[in-house]
Ligand code: GLA
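Written out as structure tokens, the structure is:
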């Protein structure tokens, strides 16, 4: 967790004004990977790692943004917002400002300080946490309001336009809508969400960060999305009326397998089977069947590794070493893939030895020290009130 009082003190020292403070969490996806942009289902929860933004108005049209965690200050001119896509963190802020402005929100010049403990590129949605926290802060200073879903959509637009990733809605939706102690079952077509109490009994959610970030992630992500769209296009010749892989069953896919090239077929098989696993995982979680949920997570990883091909050697080692430990019900990569984190269901009493042994075994195989921590399901974006 980021300390709001420390951020406020740093803000006051640098800018000499008393700020308002907003936070937005990162997320871990329990299951439902690469399904959101296929109109499918996801089951994420917000984590207790977040981006916190302090903001105060200034008299001109500039945004001056100081990132404490990156030790960097950038400026944006609200009269002259650019097209982003420079591959730097300020692209996200510029994207949010542009997307809000194009929704008719009259932004005001501001001094901003932010700090984050969501690891950048770790697959825990550091970008959504940044977008949503900054978005909330900018809207507040503008003196207007925005509903939560619109704010999530603004974050997604920023990624599409200013960052160049054709992401789905899961990350931003979770960062605004999450409820403490709950996971969200989100239907990414209707955007209907069901809050599911995270009752794991003796188990807890544990995150293992591989500490590798492969540069392939962005281009491969967009390519996967194209593969899925191409599958839908081919299948719609025989399945009229389908709009997304959400509308196709596994039986239908098998029946028309010969129409698809093998790669596209496997991409489709992942998405269709993952939707099914996600719905079953939500049922298992609701019924308190943590073992069943763990089994579905293990199958999800295999499908992401073999059919969707978004895992990598390091993530596979983390999952394999996790599954070999006592007290583990399930382990899988989480997020976009090509590095980043795994999510695990680990018994509380086994956590210490899990952490030591997985770290040691992973390091012995890769030479990299992972970061392993337990995550609590936290609340979505909000203002932090301080005195
Ligand atoms: C990234 C994207 C999400 C989602 C996941 C994969 O986190 O931002 O929209 O597609 O990858 O499930």
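Numbering (our numbering), first residue to last: 1 to 387.
All C-beta atoms, glycine included, are put in the ideal place defined by N, C-alpha and C.
Per-residue burial, residue i [other beta carbons within 10 Å of its own, 16 or more giving buried]
i: residue 136; result: buried
i: residue 120; result: exposed
i: residue 60; result: exposed
i: residue 278; result: buried
i: residue 265; result: buried
i: residue 71; result: exposed
i: residue 83; result: exposed
i: residue 370; result: buried
i: residue 251; result: exposed
Boundaries of the beta strand (DSSP E) in which residue i is found, first to last residue
i: residue 330; result: 328-334
i: residue 77; result: 72-77
i: residue 45; result: 41-57
i: residue 29; result: 20-31
i: residue 11; result: Run containing residue 11: none in the beta strand (DSSP E); it sits in the alpha helix (DSSP H), 4-15.
i: residue 376; result: First-last for residue 376: undefined, no H or E at that position.
i: residue 384; result: 382-384
Residue i vs residue j beta-carbon contact at 8 Å
i: residue 92; j: residue 127; result: yes
i: residue 179; j: residue 195; result: yes
i: residue 291; j: residue 329; result: yes
i: residue 206; j: residue 351; result: yes
i: residue 5; j: residue 54; result: no
i: residue 358; j: residue 315; result: no
i: residue 33; j: residue 118; result: no
i: residue 52; j: residue 2; result: yes
i: residue 333; j: residue 311; result: yes
Beta-carbon proximity list for residue i, same chain, < 6 Å, skipping 5 on both sides
i: residue 76; result: 63, 94
i: residue 146; result: 139
i: residue 383; result: 22
i: residue 340; result: 122, 123
i: residue 99; result: 154, 157, 158
i: residue 226; result: none
Per DSSP, the bridge partner or partners of residue i
i: residue 347; result: 203
i: residue 111; result: 56, 64
i: residue 194; result: 185
i: residue 116; result: 51
Element boundaries [alpha helix (DSSP H), containing residue i]
i: residue 275; result: 262-286
i: residue 254; result: 250-255
i: residue 177; result: 170-177
i: residue 167; result: Taken as a continuous stretch (DSSP letters only), residue 167 belongs to no alpha helix (DSSP H), as it is neither H nor E.
Other residues of its chain near residue i: CB distance less than 8 Å, five sequence neighbours each side excluded
i: residue 46; result: 25, 26, 27, 174, 175, 178, 377, 378, 379, 380
i: residue 198; result: 45, 181, 182, 183, 205, 285, 377
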